[in-house]
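One structure is given here, and the rest of the page talks about it.
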Amino acid sequence: MRRPPHAIHPKISTMPRPKTEASQYLDLYKMAIEKSRLENELATIEQRRLQIEQRLEQLAQKAVELEQSALAASAVTHPESTRAESKPALRLPVLNRSDYQTFVLEY
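Each step along the sequence shown adds one to the number in the numbering used here, with nothing skipped, and position 47 is 280.
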């Protein structure tokens, strides 16, 4: 089971630094590094999302092709059956990110 999303907290130091100009520049540097890391992570997640969407489209297309070939094979072996008598097509739903609803299950 997945954990619910939580806020990303900045890394903190256990030793408080004196309030100097150098410590402020160090904080700026750390924030720039964190920003860069988060931007890279976001780009990776977006790439993965696109790959998953493409694979879902491929699976849907393959399912349609297999269904059509199965119906064609069925028509050859049983010419008296009609398309209206065949089972309805299996359609894979295309989900958007907004279609997901998260919830916490406590037990």
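Every residue, glycine too, gets a C-beta built ideally from N, C-alpha and C.
Beta-carbon spacing of residue i, residue j below 8 Å
i: Arg267; j: Pro238; result: One point to set straight first is that residue 267 is Glu, not Arg, in the sequence displayed. Not closer than 8 Å, so no.
CA nearest to the CA of residue i, picked from the options
i: Pro249; options: Leu289, Leu259, Ser269; result: Leu259
i: Ala240; options: Leu271, Leu299, Tyr262, Ser256; result: Leu271
i: Asn329; options: Val337, Gln294, Gln301, Glu290; result: Glu290
i: Gln301; options: Phe336, Glu274, Arg324, Ile245; result: Arg324
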